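In what follows, a structure is listed as structure tokens, so that the remarks can point back to it.
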Amino acid sequence: MAITINTNLQSLIVQSNLTKATSSLNLAIERMTTGYKINHASDNAAGYSIARNWEAQLGSLDVAADNAATGADMLSTLEDHYALISTHIQRVRDLTEQAANGTYGTQSLQAVKSEIKARLQEVDRIAANCEFSGQYMMNGSMEDIAIQVGIDGNAAKSQITLSDNLFAKGDITSLFKINSKTVNGETIAAYDLTSTVTDKGSFESLEEARRDRLAQDCAGLTDGKAAASMLTYIDDVINKISDRVTTLGAAQNRIESAITSIGVQSENIMSSLSTLRDADVAEESSNYIKAQILQQASATLLATANQTPSIALNLL
Numbered sequence: 033m034a035i036t037i038n039t040n041l042q043s044l045i046v047q048s049n050l051t052k053a054t055s056s057l058n059l060a061i062e063r064m065t066t067g068y069k070i071n072h073a074s075d076n077a078a079g080y081s082i083a084r085n086w087e088a089q090l091g092s093l094d095v096a097a098d099n100a101a102t103g104a105d106m107l108s109t110l111e112d113h114y115a116l117i118s119t120h121i122q123r124v125r126d127l128t129e130q131a132a133n134g135t136y137g138t139q140s141l142q143a144v145k146s147e148i149k150a151r152l153q154e155v156d157r158i159a160a161n162c163e164f165s166g167q168y169m170m171n172g173s174m175e176d177i178a179i180q181v182g183i184d185g186n187a188a189k190s191q192i193t194l195s196d197n198l199f200a201k202g203d204i205t206s207l208f209k210i211n212s213k214t215v216n217g218e219t220i221a222a223y224d225l226t227s228t229v230t231d232k233g234s235f236e237s238l239e240e241a242r243r244d245r246l247a248q249d250c251a252g253l254t255d256g257k258a259a260a261s262m263l264t265y266i267d268d269v270i271n272k273i274s275d276r277v278t279t280l281g282a283a284q285n286r287i288e289s290a291i292t293s294i295g296v297q298s299e300n301i302m303s304s305l306s307t308l309r310d311a312d313v314a315e316e317s318s319n320y321i322k323a324q325i326l327q328q329a330s331a332t333l334l335a336t337a338n339q340t341p342s343i344a345l346n347l348l
């Protein structure tokens, strides 16, 4: 090889390799410190785009999971309120059955009526205050609700619709609106407080007047209404509440299923994203050591290569 002064080919070669080793070292350091093997679009253009798309999907799935969880909480709140109402209605039934025994005097029946009326008043209070996130669920004001549980714009795929039937009125007047029916060949008349009590009279409100009338019927204090006949109506109310809770349970099952599905989707995307983007620390550590050795070797050799032109002085 010719000995030249103006062009030090050996130095240029070593410099090129030193630059490559330094770049590899810096790349390994970046990947180990970020934990990602794709940090820039230049690292893997297609992979970078796919990763960003998956990240967006994960964010949307997180929101969908929150939506579903909120929907489940709302239905749980409604179910808990029905559980409270059921407790009071069951106690009303017990008192009505007690009053139907025929062994109690007027004073005792008045005491029964007082407790029944207090229970009915509490049912109305619970129904009026059954609220979730500013929405009252037992006063008949709610319409169908769509729970967004998916990231697709297609409503059929991404939404669970809760029918307004789930949010029917839960006050005493509504619960005790019973249609006529035939049981064992006997016709049982309809029961409707809205038609029976149309004037509040001396009571503060029409609702209070209707509760008082219902309490009298259950205690057997109203002419033509024996307490025993009220047991059939109360049983219908209990069945009505049970049917509503069953419907709530079915809706809750759908939402819980959606939450599970969202979790599976998230796990699969996260797994794929990890495979695509996450750095293999063991591999990058090996690359780091390799690049570090090459960098140090290149630096040492560069110093030697830079001395090569000085050999020409020995020829002078």
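To get the numbering used here, take the position in the sequence shown, counting from 1, and add 32.
Where is the CB? At the ideal position from N, CA and C, for every residue including glycine.
As the structure is a computational prediction, the values presented were derived from the model and not from experiment.
Proximity to D196 across N171, E236, I148 peaks at N171, based on C-alpha coordinates.
When secondary structure is reduced to three states using DSSP, I183 falls in the coil class, being assigned neither helix nor strand. In this structure S330 touches A53 by the C-beta definition: roughly 5 Å separates them, less than 8 Å.
Contact annotation, I183 with Q89: C-beta distance approximately 6 Å; criterion of less than 8 Å satisfied. Under the three-state reduction of DSSP output, F164 falls in the strand class.
By the Cβ neighbour-count rule, D126 is exposed, with fewer than 16 other Cβ atoms within 10 Å of its own. DSSP places D176 in the coil class of the three-state scheme, outside both helix and strand. The DSSP assignment places 238-251 as complete runs of the alpha helix (DSSP H) inside the stretch 230-292, in order along the chain (cut-off: 4 residues). With contacts defined by Cβ atoms closer than 8 Å, K149 and L207 do not form a contacting pair.
Judged by beta-carbon spacing, A73 lies beyond the 8 Å limit of L308, meaning their Cβ atoms are not closer than that value. Residue burial is scored here from C-beta neighbours: G91 has fewer than 16 other C-beta atoms within 10 angstroms and is therefore classed as exposed. Beta-bridge partners of K213 (DSSP): I220. Taking the Cα positions, G79 is about 50 Å away from S342. Note on geometry: alpha-carbon atoms of T109 and I70 lie some 46 Å from one another.
For Y80, DSSP records no beta bridge to any residue. The three-state reading of DSSP puts T51 in helix, counting H, G and I together. Counting the other CB atoms within 10 Å of its CB gives K145 a total of 16 or more, which places it among the buried residues. The residues A96, Q180, V181, G182, I183, D184, in chain order, have a CB closer than 8 Å to that of S190 in the same chain once the five nearest residues on each side in sequence are set aside. Y136 carries a coil assignment under DSSP once its states are collapsed to helix, strand and coil. With respect to L263, L246 sits apart: the two C-beta atoms are not nearer than 8 Å.
When the beta-carbon positions are compared, D156 and R243 come within less than 8 Å of each other. Scanning Q42, N38, Y68, L41 for the CA closest to the CA of A314 turns up Y68. Take the alpha-carbon of I301 and the one of A104: they are about 24 Å apart. Within the same chain, M169, M174 come within 6 Å of F199 by CB-CB distance, once the 5 residues on both sides are set aside. Closest by C-alpha distance to N99, out of E236, G233, T193, is T193.
For S55, the closest C-alpha among the options Y320, T336, T340 is that of Y320.
Note on D231: under 16 other CB atoms within 10 angstroms of its CB, so exposed under the neighbour-count rule.
Annotation: T228 is outside any beta strand (DSSP E); the continuous alpha helix (DSSP H) that includes it extends over 225-228.
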